[in-house]
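Numbering (UniProt numbering), first residue to last: 1 to 1259.
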């Protein structure tokens, strides 16, 4: 490129050349600012500009979704305009479809979908009026509150699907919410309506009451009240329900025929006057059979298409129960559904026994249809019958809307309830199938058909309906539950079908659905369909936090565009953050080669600071606080044109409910998704809220060849254009490539000093990624910096005006000379954006060598490395030190930029190096610089580094050099310290020590540049082994009676409970352990001493209990403590395998066999139970001496109890009396001549009278 002679067009042409030819060579003259710091230059080239006041940041968040020029669509916030969005294209043009599920509020929230034109100038949205034209024939439809537009899905074959999950219809008096979806053509015409939850209505019910009217029913008015309360809910008529009434005692009487009344009012008047039948007998089965044969006949008004229902009410056991089997069998043949009501008033009033009550209840259960627990209930008294009338009515009339409906009339009866003063009718629940299914709550279109989530099916446990062109598959009630899986029991209102997805694998399609309320933590079910269209569960993913709504949002992603699913993203938008706020979280699972999803990491939003809305200083207006990150997750087509698909996640609660979205670019390897852009909502959050509620991005809507992104909130939606991506690569080349201060080549004069001149060539290449856009002219800005890591550069650009005394740096060989080039686009707000995967700067080095005229240094490095230990035992909590002493000798030329690299196993960590050196740790690697150059020289170097004013830069060094050549070998020694890491397990500590340099070395001398160190290690197992037991001293009574019968077994034993606990100490891995418990089992004469009765352990612990003990009559023997030690007597043991857990427990109940000790002779002894911990991996782990054994002593004593003969007692008393008499006589004889008391006086101290007596010879 000539100096300022090329015009703009030529410049642009050059920038479009291939890599083989540099885009341009930076040769143009430079304009140097006088106030620039040394070593930094501004360069201006045609269409390539550098601005000194703009600094490039190499770690900025790169993105290409244009936030400043979005197209907006607005609608009513209260209509939830923007709840769903889809991009759409037909022959008329391109559109954004926007769902508004509350459109028509407040009177009628029918909802609707709007079509919003793109690229026509006017972006006014037009309502499609879908609810008017969405209909299911032959139904009494209820479209109010149908919420059309709640679900919006484009069809891969053209058109789209819009669903209103709150669509309902009437069956008699019942309204059911089945949901409906409109299949809309590309021309916005409804092709058909899809409503798999709609069931055929059969309004005909023939209900016959069979009433016990015997004398024990009291008062009869309560029975009439029950009937009246029930019949008030019945719409009676030839085309509706019909009611017949039969009463009985010993005989049967028809009070009301099925066709007798055409309206409810007349029927009620008649029922209020029905008298009690009376009678002392209760022939229940005769009455049932009569009602079957006569009441359900056409002569009495029965209809052939009506459902037959019989309600039997009685208060006592029948007197004709011998006919039970035949009568009930005939009812089953006639398809009569029977409900049995047991009234326990008579039994309570007569204080009947519990056995009599149970016998009566069992009979009424046998009358009720199967399953019995769904058709039987009872009340404690006639008074409370009226309380169950409404419940019974709801259950019977629910039959109007079902081809097949099971009733669950759950009444829990107990002896306590029998005597209570209230009826047990509060636990009634009605079981729905598809009547309340809300099909279309979620939808997913795939190649072979359509998945519709039906969260309300089966009592809001939910299901997923598959709709294809050939058939509709609705799984049965329990198909999503594996009875063999104990962890996954049937849920309660778990909302299965909240979202649906499919995953494509080499083995076929996997279907995925979420149940966010399962077990309060949520679950995701991955399943396939068998050839018989049955659900076959492949995998279940479980949530971890209560109330997080894990599984409410699902999205599969084919990252690498190979047509197979790579990732599954599961949203938990109500996941609580540390401040109990709903921050939200997205779980990312990878599909492995085995077809299973494996959790790899979680995505989280920017944490939202929360405060109470009414608190002082709180600027928040809305609650709850948080982000609800993961409310919407969309897999969008390749945004940054790298061939990989991307992901956009909504956080509609962020920033006080204004909302935001997060954009992640796909990556071929972990972490697979990289956050590149965060787009917050604009505005004040009043007219539009919850930005990020819906997301879609699969189309290029402006024709630039790049997919655009549509984001909806409530009250509006925005279409964001995606900008093209430009790739700018750069390179720098230097002449010479090395600087040799002793060589005369490339020397030059600069300001009267000898200098080394270096010429630099800078090249750029620019291209855009999109296929529809050709590279046009652009402006690039760049900075060139010399010695960027130094406070003063060792070189300067040519002819910079510098103070010679202050701006010269001392030349040294500590590190090579660096030249850094930073670059970017001048206009970052328009046009393409730079590819985030390419660097924005490069740094090149120019080595400083000093090896004489040979122009290259040939070195000979020799390395020795000696560890401070030969083997190691790594403790649990302490970190042992390991030093490696390293010596390096250089025998030849200078080794420039010499480094020592240590690679080591993860069971040690780098600590430091002594003496201090420049070391860079990197995971399991440490790189230490040991000199540049390796041989130090007494050299004083002054230099200047100058660029000529041609962008073939010329570097100038001004220098004065004095060399003292060192010929002797130079040696350097230092010590690297490591510390052990007990959490990482390896059989050896392995350290590889290598030395390298920028200088060359002959291959035949490289053998001593590397040392391998390997130390065998063992790990102290991190185990706390403890034992606890009850302090129990067992006393055996001598001669105690015992029995060997099984019934007396408990009295013949004494329990001893021992609990062993193994806990993890610290964070170290605890290996699998074996716990062996040894105990004295049989005495030397084979008598049973001690045996384990039960062994209970923690989950995962597997214990092998010894076989049952046979107890025979013990033999007499003498026992001592010595004889009960293992080795002297027969000991037994059992073992328990303890897996890797934080805490495990084994509870053992031993029993002492008392007959052995009753028959044996001993005074006291002790039995010892020993527990020992061992493990198989003895080459890796070692237990401390205090953690291996635990002993428990069981003391036993014998209490001698025996009677003393009565004659011995009498004889002993007599002998004692004789001895006493003899002693008294002797004293009397010796004292008969004693003097009468001769003196009396008061004690001087305490006032006590002391009487002194004595004989003369005692004075």
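The C-beta atom is built at its ideal place from N, Cα and C for all residues, glycine as well.
Tell me where the beta strand (DSSP E) around residue 825 begins and ends. Per DSSP, the unbroken beta strand (DSSP E) holding residue 825 starts and ends at 817-825.
Would you kindly work out how many angstroms separate the C-alpha atoms of residue 1190 and residue 1111, rounded to a whole number? Rounded to the nearest angstrom, the two C-alpha atoms are 28 Å apart.
For residue 417, does the three-state DSSP call read helix, strand or coil? Annotation note: pLDDT 31 at residue 417 (below 50); position unreliable, no value reported.
One question on the structure: do residue 876 and residue 1065 come within less than 8 Å of each other, judged by their Cβ atoms? Taking 8 Å as the Cβ cut-off, residue 876 and residue 1065 qualify as a contacting pair.
CA-to-CA distance, residue 1076 to residue 1031, given in whole angstroms: When rounded, the distance between both Cα atoms is 22 Å.
Would you call the CB atoms of residue 230 and residue 154 closer than 8 Å? Cβ distance not < 8 Å, so residue 230 and residue 154 don't count as in contact.
Where do the ends of the alpha helix (DSSP H) carrying residue 1228 lie? Counting along the chain, the alpha helix (DSSP H) containing residue 1228 begins and ends at 1206-1230.
Please go through the same chain and pick out, in chain order, the residues whose beta-carbon is closer than 8 Å to the beta-carbon of residue 1133, but skip the five residues on each side of it. Here the set comprises 1076, 1077, 1078, 1079 and 1106.
So, with DSSP's three-state summary, where would you put residue 564? Coil, per DSSP.
Find out if the Cβ-Cβ distance for the pair residue 1180, residue 972 is shorter than 8 Å. No, the Cβ-Cβ distance between residue 1180 and residue 972 is not below 8 Å.
Residues near residue 1147 in its chain [Cβ-Cβ closer than 6 Å; skip 5 each side]: The answer, listed in chain order, is 1059 and 1096.
For residue 21, which residues in the same chain have their Cβ closer than 8 Å to its Cβ, ignoring the five residues on either side in sequence? Any answer about residue 21 is weak, because its pLDDT of 28 lies below 50 and its placement is not dependable; what the coordinates show is given next. No residues qualify anywhere along the chain.
On a Cα-Cα basis, can you pick out the residue from 251, 250, 249 and 233 that is closest to residue 1343? The shown model of the chain, from 1 to 1259, leaves out residue 1343, and the question about it has no answer.
Work out the CA separation of residue 1159 and residue 1262 for me, nearest whole Å. Outside the modelled stretch of the chain, which goes from 1 to 1259, sits residue 1262, for which no answer is possible.
At which residues does the alpha helix (DSSP H) containing residue 264 begin and terminate? Judged by DSSP secondary structure, residue 264 falls within the alpha helix (DSSP H) whose first and last residues are 264-271.
Which partner residues of residue 1341 appear in the DSSP bridge assignment? The structure shown does not extend to residue 1341, since the chain spans only 1 to 1259, so no value can be given for it.
Look up residue 199 in the DSSP assignment and say whether it is helix, strand or coil. Coil.
Let me know the secondary structure DSSP gives residue 656 once reduced to three states. Here residue 656 sits in helix by DSSP.
Determine whether the beta carbon atoms of residue 195 and residue 443 lie at a separation below 8 Å. For residue 195 and residue 443, no; Cβs fall outside 8 Å.
Is residue 54 helix, strand or coil by DSSP? For residue 54, the predicted model reports a pLDDT of 28, less than 50, meaning its position is unreliable; a value from the coordinates is still stated below. Residue state for residue 54 is assigned as coil, using DSSP reduced to three classes.
Could you give the distance in angstroms between the alpha-carbon of residue 1123 and the alpha-carbon of residue 1135? Between residue 1123 and residue 1135, the C-alpha separation is close to 24 Å.
May I ask you to report which of helix, strand or coil DSSP gives residue 753? For residue 753, the three-state secondary structure derived from DSSP is strand.
Sequence ranges, beta strand (DSSP E) only - wholly within the segment 999-1043, length at least 3: Listed in chain order, they are 1010-1020, 1023-1029 and 1034-1037.
Less than 6 Å between C-beta atoms, sequence neighbours within five positions excluded: which residues of the same chain meet that for residue 209? Correct list, in chain order: 245 and 311.
Could you spell out where the alpha helix (DSSP H) holding residue 364 opens and where it closes? Note, residue 364: alpha helix (DSSP H), 354-367.
Short Cβ contact (8 Å threshold) for residue 113 with residue 93: Not in contact: residue 113 and residue 93 (Cβ atoms no closer than 8 Å).
Using 10 angstroms around the beta-carbon of residue 561, count the other beta-carbons present and answer buried if the total reaches 16, otherwise exposed. Burial call: exposed.
Whole-angstrom distance between residue 352 and residue 1198, CA atom to CA atom: Straight across, the Cα-Cα distance linking residue 1198 with residue 352 is about 53 Å.
Looking only at its own chain, which residues have a Cβ that is under 7 Å from the Cβ of residue 577, when we skip the five neighbours before and after it? Cβ neighbours of residue 577 beyond the five flanking positions: 583, 607 and 626.
Determine the direct distance from the alpha carbon of residue 280 to that of residue 379, and round the result to whole angstroms. Rounded to whole angstroms, residue 379 to residue 280 spans 22 Å at the Cα level.
Suppose contacts are defined by Cβ-Cβ distances below 8 Å. Is residue 1263 in contact with residue 363 by that definition? There is no way to answer for residue 1263, as the model of the chain reaches only from 1 to 1259.
Is residue 526 near residue 539, with beta carbons less than 8 Å apart? Closer than 8 Å, so yes.
According to DSSP, what are the bridge partners of residue 1126? As computed with DSSP, residue 1126 is found in a beta bridge with 1129.
The segment 973-980 / the segment 885-892 touching (three or more Cβ pairs under 8 Å): Touching, yes, given that three or more Cβ pairs across the two stretches are closer than 8 Å.
Whole angstroms is fine: what's the gap from residue 1138's alpha carbon to residue 1005's? Whole-angstrom Cα-Cα distance: 54 Å.
Below 7 Å, is the gap between the Cβ of residue 335 and the nearest heavy atom of the ligand SAM? Only the bare structure without any ligand can be found here, which leaves the ligand SAM out of the picture.
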